[in-house]
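Data first, discussion second: the structure below is written as structure tokens.
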Amino acid sequence: MALHTRDGGLVLPNAWDGLSALMLADAGFEAIATSSAELAATLGRSDGRHEVTRGEHLEHARLFGQLTGLPANGDSQDGYGDAPEDVAAFTFI
């Protein structure tokens with residue numbers, strides 16, 4: 000939470016693969032974003048409802064964390080469900 004509440008705000012760049020995540024970490028960013036659109040594009044898919052699975056999106060974010068040691072924020076389409084419980088189940092570990 001400290002990254003979100005400090006003076007000056009937080010710049011959160013969007014990485015699309017492992018190499019870009021490493022480059023952003025090396026550039027000094029303190030956290031990395033990932034989105035369904037960039038992941039879908041790297042997989043040759045549309046950014047449509049669930050064309051990228053929940054598991055694929057989680058694994059993608061985990062890869063960023065494992066490679067960089069930085070927190071990853073995910074834009075995950077609709078949270079992979081319509082109910083709050085569905086969205087809550089989609090957590091990055």
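For the sequence shown, numbering that gives the first Met the number 0 gives the first residue as 0, with consecutive numbering after it.
Backbone N, C-alpha and C define an ideal beta-carbon position, used for all residues, glycine too.
Other residues of its chain near residue i: CB distance less than 7 Å, five sequence neighbours each side excluded
i	result
G7	none
7 Å Cβ cutoff met for residue i and residue j
i	j	result
A60	G73	yes
V51	S35	yes
A26	L69	no
P12	L23	yes
Residue burial classification, residue i (beta-carbon count within 10 angstroms, cutoff 16)
i	result
G45	For clarity, residue 45 is Ser in the given sequence; the question names Gly instead. Answer is exposed; the Cβ neighbour count stays below 16.
T33	buried
L2	exposed
A100	Nothing in the structure corresponds to residue 100, since the chain is present only between 0 and 92.
Residue i versus residue j: straight-line alpha-carbon distance, rounded
i	j	result
T67	G80	29 Å
I92	S75	Confidence in I92 is poor, its pLDDT being 48 and thus under 50, which makes the residue's placement too unreliable to answer from.
H56	T41	12 Å
E84	R53	14 Å
S19	A71	13 Å
Residues near residue i in its chain [Cβ-Cβ closer than 8 Å; skip 5 each side]
i	result
L38	W15, V51, E55, H56 and H59
E17	Reading off the sequence, residue 17 comes out as Gly, not Glu. For G17, where only same-chain residues beyond five positions count, the Cβ hits under 8 Å are L62, F63 and L66.
Contacts around residue i, its chain only, beta-carbon distance under 6 Å, and the 5 residues preceding and following it disregarded
i	result
F28	P12
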